[in-house]
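Visitor: When we follow our numbering, the leftmost residue of the sequence shown carries the number 245, and every step to the right adds one. Every residue, glycine too, gets a C-beta built ideally from N, C-alpha and C.
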Amino acid sequence: MRRAATALLLAALTACDGAPPARSPSARPTRLPPTGWQTRCVDWVRVALGEMATIEPALARALPRPRHGPGGREEVVVAMHPPHHPVNLRLVVARSPSDTPGPWERHVEVFDGRAFLTAHLREASGEADLVLDGWEGRPADAVATRLQRAAERCLETTP
Numbered sequence: 245m246r247r248a249a250t251a252l253l254l255a256a257l258t259a260c261d262g263a264p265p266a267r268s269p270s271a272r273p274t275r276l277p278p279t280g281w282q283t284r285c286v287d288w289v290r291v292a293l294g295e296m297a298t299i300e301p302a303l304a305r306a307l308p309r310p311r312h313g314p315g316g317r318e319e320v321v322v323a324m325h326p327p328h329h330p331v332n333l334r335l336v337v338a339r340s341p342s343d344t345p346g347p348w349e350r351h352v353e354v355f356d357g358r359a360f361l362t363a364h365l366r367e368a369s370g371e372a373d374l375v376l377d378g379w380e381g382r383p384a385d386a387v388a389t390r391l392q393r394a395a396e397r398c399l400e401t402t403p
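Next up, the structure:
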């Protein structure tokens, strides 16, 4: 009873404050099960991360996960960032046809001794984005190359 009264009071204060009302649980987006393409892509990325665990042990703990992006776009995402991991890594492979396919575009910049690498690929079957940040003293090039190969395999398996 006390919790209900507290929740009601907080809701009333929020409404009086002019803040938008909280979304109801039924308004949340529906979580869709992974598609066959997403399952295969997760497997390819998981294998690549396992191979690279000798380079950077934190990669063994990274978990690729399927998700559905805007407009139902099928994606596979890997994200690592401090404080849980010593480095930043983000890979997004998306099944979304591109009008302008091209090879990997890779850019590396160094700020205050920290390497910042970005890579982007567009293929007819989809696209991939990779960001590595804070890999000073770590072989970012080897990690990027292996993750790029995994992304290419994902896009090759697109029906």
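Arginine 317: buried (16+ other C-beta within 10 angstroms of its C-beta) or exposed?
Guide: Flag for arginine 317 reads exposed.
Visitor: When DSSP builds the beta bridges, which residues end up paired with aspartate 377?
Guide: Aspartate 377 pairs with Asn332, Phe360.
Visitor: Using a Cβ-Cβ cut-off of 6 Å (strictly less than) and excluding sequence neighbours within five positions of arginine 350, which residues of its own chain qualify?
Guide: The residues are Ala363.
Visitor: Can you tell me where the beta strand (DSSP E) with glutamate 400 in it begins and where it stops?
Guide: Not the beta strand (DSSP E): glutamate 400 falls in the alpha helix (DSSP H), residues 384-400.
Visitor: What would DSSP say about alanine 338, mapped onto helix, strand or coil?
Guide: Residue state, collapsed to three classes: strand.
Visitor: With a 10 Å radius around its C-beta and 16 neighbouring C-beta atoms as the bar for buried, classify valine 291 as buried or exposed.
Guide: Exposed is the call here.
Visitor: Compute the distance between the beta-carbons of alanine 359 and alanine 384, then report whether it is under 8 Å.
Guide: Cβ distance < 8 Å, so alanine 359 and alanine 384 count as in contact.
Visitor: With H, G and I counted as helix, E and B as strand and the rest as coil, what does DSSP make of glycine 315?
Guide: Here glycine 315 sits in helix by DSSP.
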